[in-house]
Amino acid sequence: MTASPNTVLSFEGGNALSAFRAAVLLPRLQAACPRIEAVHARHVHWVWSEAPLDQPALDKLAALLTYGDPYAGPSAGELVVVTPRLGTVSPWASKATDIAHNCGLPIRRVERVTEFRVVLKSGLIAGLTGGSKPLSAEERDAVAGILHDRMTESVAFERGGAAHLFDELPGKPMESVDVLGAGRAALEAANRSFGLALSDDEIDYLVDAFTGLARNPTDVELMMFAQANSEHCRHKIFNASFAIDGQQQERSMFQMIRHTEQCSPQHTVVAYSDNASVMEGGAIE
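For the record, in the sequence shown the residue sitting at position 152 is 135 according to the numbering used here, with numbers rising by one throughout.
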């Protein structure tokens, strides 16, 4: 564990790459750079708090972040750090931060990154000098492209680069879509430029709704509407009212699921609370 003056901590974690996954990944890396001999990876956790944590909190945090097989790979080799996409909060972070809060830890956020160590073969000159020729910029970029998903992840080439996960970026100003002035055409253009994937009936609904409100929608409202109405969003279905054979049901589907816990709440500490649930466990040695 290391600490810095701005209350950002790093906790080294366990192995992040199984032998099977390493065996699958290695040929792809060698296709980009034949000098690559092996690849290893470990998790590193970054924790952001508003003030320095006391020793009991540090001990509790270290215990929470100790899991899985220990890392037994090298500490040398080309370093590629794969982080969640900068400017976002990963699903893992959302759940892990909730767990930390429910354990009484006063942190703002915890994120997990993966540090890859790419081991290079030693050539003749490297054997004489005791090292390997480092990857060229082109080779490094090719390796990084294989190790991360640029849609959801970012990459750095030193451990400290992961601390930028907690940089607070300035928010972009909201934009309005001129439905009142340009009508349906403005919403169709926004649908294409924002990638909202709105259906024709949803566009008609929005035009009628905001015309009735006598104001233009913002890009934030349109994005939230598109997400909430996506077939991939369970809230649309699980939180909606519904009828069976014309009979309106008393509870939504999600309320029915929650009703089970309400009828049998024993041993439940936290249930259905912002992606986190906690149950009482038995005594352990």
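The beta carbon of each residue, even a glycine, is placed where N, CA and C say it ideally should be.
Inset, instruction - With distances taken Cα to Cα, identify the nearest neighbour of V63 among P89, Y50, L118. - result: Position 80 of the sequence shown holds residue 63. For V63, the closest C-alpha among the options P89, Y50, L118 is that of L118.
Inset, instruction - Output yes or no for whether 8 Å exceeds the beta carbon distance between G274 and R11. - result: Outside the shown range of the chain (-16 to 268) lies residue 274, about which nothing can therefore be said.
Inset, instruction - Classify Y255 as buried or exposed, calling it buried when 16 or more other Cβ atoms lie within 10 Å of its own Cβ. - result: By one-based count along the sequence shown, residue 255 stands at place 272. Classification for Y255: exposed.
Legend entry - Among K116, S32, V27, the one whose alpha carbon lies nearest that of E20: Translated into positions along the sequence shown, residue 20 becomes position 37. Of the candidates K116, S32, V27, the one whose C-alpha sits nearest the C-alpha of E20 is K116.
Legend entry - Proximity below 8 Å, CB of A76 to CB of P89: Here residue 76 refers to the residue found at position 93 of the sequence shown. Here residue 89 refers to the residue found at position 106 of the sequence shown. No.
Legend entry - Exposure of H28, with buried meaning 16 or more beta-carbon neighbours within 10 Å: Against the sequence shown, residue 28 aligns to sequence position 45. Buried, by the Cβ-count rule.
Inset, instruction - Using alpha carbons as the reference points, say which of F3, L0, R25 lies closest to F(-6). - result: As a first step, residue -6 is located in the sequence shown; it is residue number 11 there, counting from the start. Residue R25 is the option with its Cα nearest to F(-6).
Legend entry - Nearest-angstrom Cα separation, counted from M239 out to P248: Working through the sequence shown from its first residue, we reach residue 248 at position 265. Working through the sequence shown from its first residue, we reach residue 239 at position 256. Between P248 and M239, the C-alpha separation is close to 14 Å.
Inset, instruction - For G79, I'd like the list of residues in its chain whose CB is within less than 6 Å of its CB, leaving aside the five on either flank, ordered along the chain. - result: Locating residue 79 in the sequence shown gives position 96, where the first residue counts as 1. Per the sequence presented here, residue 79 reads as Ala, with Gly not at that position. Correct list, in chain order: V93.
Legend entry - A178 versus S58: straight-line alpha-carbon distance, rounded: As a position in the sequence shown, residue 178 is number 195, starting the count at 1. As a position in the sequence shown, residue 58 is number 75, starting the count at 1. The sequence given here has Gly at residue 178, not Ala. One Cα belongs to G178, the other to S58, and the distance between them is close to 43 Å.
Legend entry - Where S137 falls, given that 16 or more other Cβ within 10 Å makes a residue buried: Taking the first residue of the sequence shown as position 1, residue 137 is located at position 154. Result: buried.
Legend entry - Per-residue burial, V7 [other beta carbons within 10 Å of its own, 16 or more giving buried]: Counting from one through the sequence shown, the residue named residue 7 turns up at place 24. Looking at its Cβ environment, which holds fewer than 16 other Cβ atoms inside 10 Å, V7 is exposed.
Inset, instruction - Please name the residue, chosen from E171, V30, I267, that lies closest to V72 on a Cα-to-Cα basis. - result: For this step, residue 72 is matched to residue 89 along the sequence shown. Comparing Cα positions, the closest option is V30.
Inset, instruction - Rank G87, E122, Q13 by C-alpha distance to the C-alpha of L41 and give the top, closest one. - result: As a working note, residue 41 is residue 58 in the sequence shown. Residue nearest to L41 within the set G87, E122, Q13 is G87 (criterion: CA-CA distance).
Legend entry - Residue burial classification, G265 (beta-carbon count within 10 angstroms, cutoff 16): In the sequence shown, the residue the question calls residue 265 occupies position 282. Classification of G265: exposed, given that the 10 Å Cβ count is below 16.
Inset, instruction - Indicate the three-state DSSP secondary structure (helix, strand or coil) for R268 in the structure shown. - result: The residue labelled residue 268 in the question sits at position 285 within the sequence shown. Before going on, a small fix: residue 268 reads as Glu here, not Arg. E268: coil per DSSP, three-state reduction.
Legend entry - Residue closest to A223, alpha-carbon to alpha-carbon, out of S235, E214, G229, N212: For the purposes of this step, residue 223 is taken as residue 240 along the sequence shown, with counting starting at 1. Among S235, E214, G229, N212, the Cα nearest to that of A223 belongs to S235.
Inset, instruction - Would you please state the rounded distance, in angstroms, between the beta carbons of L181 and N174? I believe it to be under 8 Å. - result: What you label residue 181 is simply residue 198 of the sequence shown in a count that begins at 1. What you label residue 174 is simply residue 191 of the sequence shown in a count that begins at 1. Confirmed, about 5 Å.
Legend entry - Strand pairing of W75, partner residues [DSSP]: Against the sequence shown, residue 75 aligns to sequence position 92. Note: W75 sits in no beta bridge, so no partner.
Legend entry - C-beta atoms of G51 and G(-3) nearer than 8 Å: The sequence position of residue 51 within the sequence shown is 68, counting from 1. The sequence position of residue -3 within the sequence shown is 14, counting from 1. G51 places its beta carbon less than 8 Å from that of G(-3).
Legend entry - CB contact flag (V(-9), F149, <8 Å): On the sequence shown, residue -9 is found 8 positions in, with the first residue counted as 1. On the sequence shown, residue 149 is found 166 positions in, with the first residue counted as 1. For V(-9) and F149, yes; Cβs fall inside 8 Å.
Legend entry - Y188, enclosing beta strand (DSSP E) - first and last residue: Residue numbering aside, residue 188 sits at position 205 when the sequence shown is read from its first letter. Taken as a continuous stretch (DSSP letters only), Y188 belongs to no beta strand (DSSP E), being part of the alpha helix (DSSP H) at 183 to 196.
Inset, instruction - Taking only the alpha-carbon atoms, compute the straight-line gap between L47 and I82 and give it to the nearest angstrom. - result: On the sequence shown, position 64 is the one that residue 47 refers to. On the sequence shown, position 99 is the one that residue 82 refers to. When rounded, the separation of the alpha-carbon atoms in L47 and I82 is 9 Å.
Legend entry - Residue environment, E98, which counts as buried when at least 16 other CB atoms sit within 10 Å: By one-based count along the sequence shown, residue 98 stands at place 115. Around the beta carbon of E98, 16 or more other beta carbons lie within 10 angstroms, which makes this residue buried.
Inset, instruction - Quick one: give me the first and last residue of the alpha helix (DSSP H) that V203 is part of. - result: Translated into positions along the sequence shown, residue 203 becomes position 220. Unbroken alpha helix (DSSP H) run through V203: 202 to 211.
Legend entry - Stretch-stretch touch, CB-based, cutoff 8 Å, three pairs: the segment 152 to 170 with the segment 122 to 139: With a cut-off of 8 Å, the segment 122 to 139 and the segment 152 to 170 do not count as touching, because too few Cβ pairs lie within range.
Inset, instruction - Classify R198 as buried or exposed, calling it buried when 16 or more other Cβ atoms lie within 10 Å of its own Cβ. - result: Taking the sequence shown and counting its residues from 1, one reaches residue 198 at position 215. Under this definition R198 is an exposed residue.
Legend entry - The alpha helix (DSSP H) enclosing P39, as first and last residue numbers: Translated into positions along the sequence shown, residue 39 becomes position 56. Counting along the chain, the alpha helix (DSSP H) containing P39 begins and ends at 38 to 47.
Legend entry - Same chain, Cβ closer than 8 Å to M206, neighbours up to 5 away in sequence not counted: Indexing the sequence shown from 1 puts residue 206 at position 223. Close CB contacts of M206 within its chain, under the 8 Å cut and outside five residues either way in sequence, are with F177, L179 (chain order).
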